[in-house]
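When you line the sequence shown up against our numbering, it's residues 76 to 603, in that order.
For reference, the structure discussed in these notes is given below.
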Amino acid sequence: MVVPELRPWRAAKPHVVRLADAVRPRLARAAAAAKPRLARLARAGKPQVAKVARPKTWQYTAGAATAGLALTAGVVTAAGPWDSSGQRTAERDRAVALGRAGGTDHGSVPGAPGRPRPAPSAGPVLTGLGGVSTVKSAPDGKALTDALTPLLKDPALGPRPAAAVIDVTTGRRLFGKAPGTALTPASTTKVATAVAALSAMGADHRLTTRAALEPDTNEVVLVGGGDPTLTARKSTDGAASLRTLAAGTAAALADRGVREVTLSYDTTRYAGDEMHPIGVDGNLALVTPLMADEGRTNDSTSGPAQRVTDPAADAARRFGDLLKSHGIKTTAPGPSKATTRAKTLATVSSPPLSAVVERMLTNSDNDIAEALARQTAIATGNRADFAGAGKAIGSQLRKLGLPVKGAAFEDGSGLNRADRLTPDLLTALLAKAADPSHPELRPALTGLPVAGFTGTLTTRYTDGASGVVRAKTGTLSGVHTLAGTLVDEDGRLLAFAFMATDTDPGRPAATQQALDRIASALAACGCR
């Protein structure tokens with residue numbers, strides 16, 4: 076199995092400046108077009124910040140209907156903070172800067188070397204889904220077929236690639252090659268996991284880890300709540316902190332006059348096997364509701380890494396060490412189960428589900444994916460094991476009216492080769508996430524890596540549609556997928572899914588480049 080090392084999503088920040096040169100024409104048009112709406116969104120969103128101490132779902136999604144298209148349309152530079160309107164601050168600043176430039180070359184100096192011709196001023200703004208738009212009609216199906224079919228014949232894509240392209244505004248399929256064929260999706264499975272989790276729990280749902288005291292026994296139980304982002308590091312980057320939990324627990328014990336405790340940990344929130352069918356692998360720790368830093372033995376935050384053999388026991392041991400630093404003596408931790416009589420001493424909660432989903436998609440984080448799959452099972456009344464999680468994902472997508480025929484969910488991450496998705500389902504998932512009536516699903520779009528800038532697409536599209544394509548990758552040995560969104564030359568928002576199986580495992584780069592060429596051709600295609 077080959078799963079390439081994934082780069083941390085925050086590594087994209089230094090690359091923002093590259094965007095202007097990479098996507099001059101389309102990005103300038105989209106940015107200037109989006110400027111009036113972004114300003115209105117900002118004015119509308121600012122009062123809410125003062126009123127609400129704990130932001131609600133809409134504040135963590137991508138600005139619902141009207142902002143959805145602007146974000147996905149390529150006014151996108153890098154993952155980063157969100158403002159109250161749901162727009163990434165870096166995207167907003169870049170959009171404003173490009174908007175000021177318009178179609179004029181303000182830097183021209185007589186006699187100076189020639190500069191690239193500036194992009195023309197943008198046309199009327201691309202409105203939200205369902206709104207009135209002056210953007211040209213969707214590409215012609217025959218023209219798309221003529222443009223994409225030769226590229227799909229590249230031998231690097233194997234003997235039977237499958238593909239689908241849809242117009243997100245109408246939901247109409249514009250191009251298909253075996254679009255209903257269920258193939259191994261690899262990590263594009265995470266798009267399905269994201270949509271299912273968001274629909275089952277809501278975008279502002281948080282996962283809580285707690286410490287509880289059993290009365291009369293002085294037993295402190297560290298209860299795993301299934302938060303895969305829990306960290307014991309000093310720098311939390313917004314994640315729940317085991318250090319904070321230990322400090323709060325120690326303070327609560329001191330208030331009770333307790334200085335010595337028996338330490339236990341509770342992992343009963345999940346059921347079934349902890350080991351993924353792929354076995355011991357650096358791409359995934361044991362699937363347990365209690366872990367710190369994903370059980371990594373180094374300082375990495377994403378990608379393959381050696382993991383501890385028992386993440387729950389390791390987290391409890393580290394928690395005990397932190398308690399000792401606050402003057403609380405503990406025993407060596409052992410497994411247990413908190414009773415209903417246990418009194419909560421302290422809690423810490425994850426970032427909202429919207430942020431967790433974005434991190435999962437940008438980094439292709441398998442630990443988060445498996446955690447969200449099991450949390451979806453719990454939220455829907457299914458058993459919190461691999462089978463129950465797969466059942467929950469399928470049922471949630473069915474409730475959303477998505478085409479799940481032929482689909483199979485054996486895990487939440489896509490590491491299982493028995494997973495099956497179709498191009499039709501992948502594009503439908505993306506369209507549903509852009510649907511104005513489902514703003515809670517928007518993180519399934521905003522978390523997609525940006526070509527040439529973030530996550531698993533950081534080093535791809537350097538000569539193609541950099542900054543324009545947003546897509547989830549999927550890579551196993553002999554399996555390559557790409558599913559995401561882009562805006563074509565005429566300003567139309569399209570969703571696409573390209574799937575290749577039985578490819579040459581010795582030439583993964585050739586297959587990735589073939590997929591990238593297809594997406595770049597689609598982005599450059601007016602196709603009328």
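Beta carbons are placed, not taken as given, at the ideal position from N, Cα and C, and that holds for glycine.
Residue nearest to residue i in terms of C-alpha spacing, selected from the options
i: Ala452; options: Gly465, Thr422 and Ser400; result: Gly465
i: Asn293; options: Asp312, Glu335 and Ala321; result: Glu335
i: Thr521; options: Gly463, Gly559, Gly409 and Pro410; result: Gly559
i: Ala325; options: Gly395, Ala315, Asp389 and Pro364; result: Gly395
i: Gly347; options: Ala459, Leu428 and Arg318; result: Ala459
i: Arg318; options: Pro410, Asn373, Leu447 and Arg392; result: Arg392
i: Gly409; options: Thr415, Ser429, Leu428 and Ala388; result: Ala388
i: Ala546; options: Pro583, Arg449, Leu436 and Phe461; result: Leu436
i: Thr548; options: Thr284, Gly300, Leu523 and Asp510; result: Leu523
i: Asp374; options: Leu428, Ser310 and Glu349; result: Ser310
i: Thr363; options: Asp510, Thr384 and Phe573; result: Thr384
i: Arg535; options: Ala572, Asp510, Ala584 and Glu349; result: Ala584
Other residues of its chain near residue i: CB distance less than 6 Å, five sequence neighbours each side excluded
i: Asp229; result: Ala589
i: Lys412; result: Asp341 and Thr343
i: Glu485; result: Gly465, Asn491, Ala493 and Asp494
i: Ala390; result: Leu365, Met366 and Ala367
i: Gly255; result: Thr497 and Asp499
i: Ala454; result: Ala275 and Met276
i: Gly300; result: Leu282, Thr283 and Thr284
i: Arg449; result: Tyr345, Ala459 and Ala464
i: Ala253; result: Ala237
Cβ neighbours of residue i in the same chain (closer than 7 Å, five flanking residues each side left out)
i: Asp368; result: Thr306, Ala307 and Arg308
i: Leu500; result: Leu477, Pro478, Val479 and Ala482
i: Lys507; result: Val270, Leu475, Leu477, His513 and Leu516
i: Ala322; result: His401
i: Thr406; result: Thr337 and Leu338
i: Gly216; result: Leu249 and Phe250
i: Ala327; result: Leu420 and Ala421
Alpha carbon of residue i to alpha carbon of residue j, nearest angstrom
i: Cys602; j: Asp221; result: 9 Å
i: Asp96; j: Pro386; result: The pLDDT assigned to Asp96 is 46, lower than 50, so where the model puts this residue is not dependable, and the model offers no usable value.
i: Leu232; j: Thr586; result: 6 Å
i: Asn438; j: Arg331; result: 43 Å
i: Leu505; j: Thr268; result: 12 Å
i: Leu398; j: Thr550; result: 42 Å
i: Ser488; j: Leu227; result: 26 Å
i: Arg214; j: Thr304; result: The residue asked about is misnamed: residue 214 is Pro in this sequence, not Arg. Those two C-alpha atoms are separated by around 42 Å.
i: Glu289; j: Val296; result: 8 Å
i: Ala503; j: Val298; result: 38 Å
i: Ile593; j: Ala570; result: 13 Å
i: Pro234; j: Ala315; result: 46 Å
i: Lys265; j: Ala329; result: 44 Å
i: Ala599; j: Leu561; result: 10 Å
i: Pro518; j: Thr578; result: 31 Å
i: Ser274; j: Asn457; result: 15 Å
i: Pro359; j: Gly530; result: Contrary to the premise, residue 359 reads as Leu rather than Pro in this sequence. So the alpha carbons of these two residues sit roughly 17 Å apart.
i: Asp591; j: Val525; result: 13 Å
i: Thr337; j: Tyr345; result: 23 Å
i: Thr576; j: Val355; result: 24 Å
i: Glu433; j: Ile443; result: 10 Å
i: Pro498; j: Arg582; result: 23 Å
i: Leu472; j: Asp291; result: 47 Å
i: Leu320; j: Asp302; result: 13 Å
i: Asp440; j: Ser377; result: 7 Å
i: Ala604; j: Thr533; result: Outside the modelled stretch of the chain, which goes from 76 to 603, sits residue 604, for which no answer is possible.
i: Ser470; j: Phe461; result: 14 Å
Chain-order list of residues whose beta-carbon lies under 8 Å from that of residue i (same chain, five-residue window excluded)
i: Gly357; result: Pro379, Ala380, Gln381 and Arg382
i: Asp563; result: Pro214, Leu569, Leu597, Ala598, Ala599, Cys600, Gly601 and Cys602
i: Val637; result: Nothing in the structure corresponds to residue 637, since the chain is present only between 76 and 603.
CB contact below 7 Å: residue i versus chain D
i: Gly559; result: Absent from the structure: chain D. Only one protein chain is present.
Contact test: residue i Cβ vs the ligand ATP heavy atom, cutoff 6 Å
i: Asp374; result: Ligands displayed in this structure: none; no statement on the ligand ATP is therefore possible.
In the region 305-347, which residue ranges form an unbroken alpha helix (DSSP H) of at least 4 residues, counting only runs that do not cross its ends?
317-330
Okay, do the region 385-403 and the region 423-430 touch, 3+ Cβ pairs below 8 Å being the bar?
no
The region 406-422 in contact with the region 267-282 per 3-pair CB rule at 8 Å
no
Runs of 4 residues minimum, wholly inside the region 521-600: which ones carry the alpha helix (DSSP H) assignment?
583-598
For the region 549-564 against the region 257-269, are there 3 or more C-beta pairs whose distance is under 8 Å?
yes
What runs of the alpha helix (DSSP H), each 4 residues or longer, lie entirely inside the region 244-300?
264-276
Tell me the start and end of each unbroken alpha helix (DSSP H) in the region 382-440 that is at least 4 residues and wholly inside, in chain order.
386-400 and 428-438
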